[in-house]
Structures are given as C-alpha cells and as structure tokens.
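Below is one structure, written out as structure tokens, with a few remarks after it.
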Amino acid sequence: MTIYSSHGPQESYLIPTILIIITQIIGLASFGLIFYWGYGFSGGFGWKDKPAQEFRLHPVFMTFGLLFCQGTSIMVYRLLRFLSKITLKWLHVIIHLIAISCIVFGFIAAYDSHVLAKPPKPDFMSLHSWIGLGTLGSYGLQFILSFLCYMKPGFPLNVRKYIMPFHRNFGLGIFVLSYSTIMMGMSERAAWYMKCWTVEGYFCTEMLIMNIFGVTTSLYVFLVLVIVMNQGWIRKEHHT
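In UniProt numbering, the protein residues as written are 1 to 240.
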C-alpha cells in the first residue's frame, strides 16, 4: 500500500493544509480587489472599441493567471497530497494552461489599448513591459520544456531527477518575477493615472483599493513561498 505523506507516516498535515487554505483565500481576495478596481472605476471594462476600458482587463487577467493560478499550481502537490502522482501532475499542467490562457488575454488587452488608442501609444518602453516580456517568455519556455521532460512517456528517469531541482527553483523564480512585474505595473498605473494623490493631494478610494491589493498580493506570494520552501511539507510516498 502507498501512503502519501509530507515527511513521514506520523506527521500531521493539519498545519500546512490550513495555511494553504488561508493562502488561497488571500489570493482570491487579491483577485477580487483588482476585479473590483477594474470594474468599478473609470468606466469599467471594455473591448477593442474602447481601448482605455480594454486595458483594465490587463491587470485582472494577469493577476488571476500569473499570480493566483501559478501559485495554486505550485501548491497543488502540498494541498492534494492524497491523490496519485500522475493525477497531481495533470492538475499541475491544467492549472498552468488556465494561467497561460489568462496571460494571452491579458497581453492582448494591453497591446490593443496602445495600438488602438487615438493617437496610438508607444509599446514596450517601460521597465514594467521589459520585465513582463522576460517573465512571460521564461514562463512559456519553462512550461514547454517541463511538459516534454515530465509528461512525455519514456523520458529517462535519471534525467528527470537531475532536472527537478532546476525545475522547482526556476519555477519559484518566475513566480517572484511575476509578482514583481505586477507590482511595477500597478505602481506605474497609480503614478500616471490616479491624480487624486499626485495632483490633487488627497487619498482617494481608488488609491486605497490599489494599496490593499498590493498588501494582499505581497502576503499571498510570501505565504506561497513559505509553504513550498518548507522541506518538511514536500509530498513523499511511503510504501508499506
């Protein structure tokens, strides 16, 4: 019989499980805040006929995909440790595919908001856009190479074991880069467009929501890193 454990048969899973649930609630709260910001201010959401409103979909899709989905995929081996390894691998892949779909829509929203504006706005000039492109490229490359390595039947087991530490570390690095990119983008947006504090000199509701979003997002990323970097909570199989 195979027992799925974090460290050994006697160790309780209660603490990591509760912590993961709390972390996911915080992640959903972060997404809820950015969705409310996008929908509740400056005319809400739009599509190609309203480039300024279409842009507001960009942080919403990127937060859900790059932050929440990526964090969930990273933690799935800790939360659902009772499932078989192959089931967890496919869940890991599926959640990443959902993240990639969100990233595509988020990228389109940002690109359209520039090229369809009148007059058109220049693209890929800010530090946010440069780091963002590097992050998206790294995410895509990591996904493709990892899929070929870990999902392709017959791939040498010794190579998989050798690559695994790099896979984990690069994945965490990309997750941190994703967080950094989101924070840069929202700070850039706040500085350029939220005139209540930069011009009028008062603390408005929109700015409050943006700041709380930044705090919850930072807390979410911190907790994800704590959970996945705790070696005692790694899923292991014990045969009896």
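Using N, Cα and C, we set each Cβ at its ideal position, and we do this for glycine too.
All figures in this text were calculated on a predicted structure; none of them were measured in a lab.
Please classify residue i: is it buried, with 16 or more other beta-carbons within 10 angstroms of its beta-carbon, or exposed?
| i | result |
| --- | --- |
| residue 54 | buried |
| residue 112 | buried |
| residue 139 | buried |
| residue 210 | buried |
| residue 154 | exposed |
| residue 90 | exposed |
| residue 15 | exposed |
| residue 187 | exposed |
| residue 51 | buried |
| residue 59 | buried |
| residue 144 | exposed |
| residue 99 | buried |
| residue 233 | buried |
By Cβ distance below 6 Å, which residues in the same chain neighbour residue i in space, the five residues on each side in sequence not counted?
| i | result |
| --- | --- |
| residue 102 | 61, 64, 65 |
| residue 79 | 20 |
| residue 185 | 128 |
| residue 41 | 206 |
| residue 37 | 209 |
| residue 92 | 73, 76 |
| residue 167 | 146 |
| residue 121 | 114 |
| residue 34 | 59, 60, 63, 213 |
Give the DSSP-derived three-state secondary structure of residue i in the structure shown.
| i | result |
| --- | --- |
| residue 236 | strand |
| residue 202 | coil |
| residue 228 | helix |
| residue 218 | helix |
| residue 61 | helix |
| residue 143 | helix |
| residue 187 | helix |
| residue 38 | helix |
| residue 13 | coil |
| residue 197 | helix |
| residue 48 | coil |
| residue 55 | helix |
| residue 68 | helix |
| residue 153 | coil |
Pop quiz: residue i and residue j are said to be a contact at Cβ under 8 Å. What is the actual Cβ separation, rounded to whole angstroms?
| i | j | result |
| --- | --- | --- |
| residue 57 | residue 30 | About 16 Å; that fails the 8 Å criterion. |
| residue 172 | residue 228 | 7 Å |
| residue 242 | residue 132 | Outside the modelled stretch of the chain, which goes from 1 to 240, sits residue 242, for which no answer is possible. |
| residue 23 | residue 224 | 6 Å |
| residue 174 | residue 142 | 6 Å |
Ignore the nearest five residues each way along the sequence and tell me which others in residue i's own chain have a CB closer than 7 Å to its CB.
| i | result |
| --- | --- |
| residue 178 | 66, 67, 70, 135 |
| residue 202 | 196 |
Please return the same chain residues whose Cβ sits closer than 8 Å to the Cβ of residue i, not counting the five positions on each side in sequence.
| i | result |
| --- | --- |
| residue 123 | 111, 114, 115, 129 |
| residue 183 | 214, 217, 218 |
#### Entry: alpha helix (DSSP H) runs contained entirely in the segment 79 to 129, provided each spans 4 or more residues
Here the runs fully enclosed are 85 to 115.
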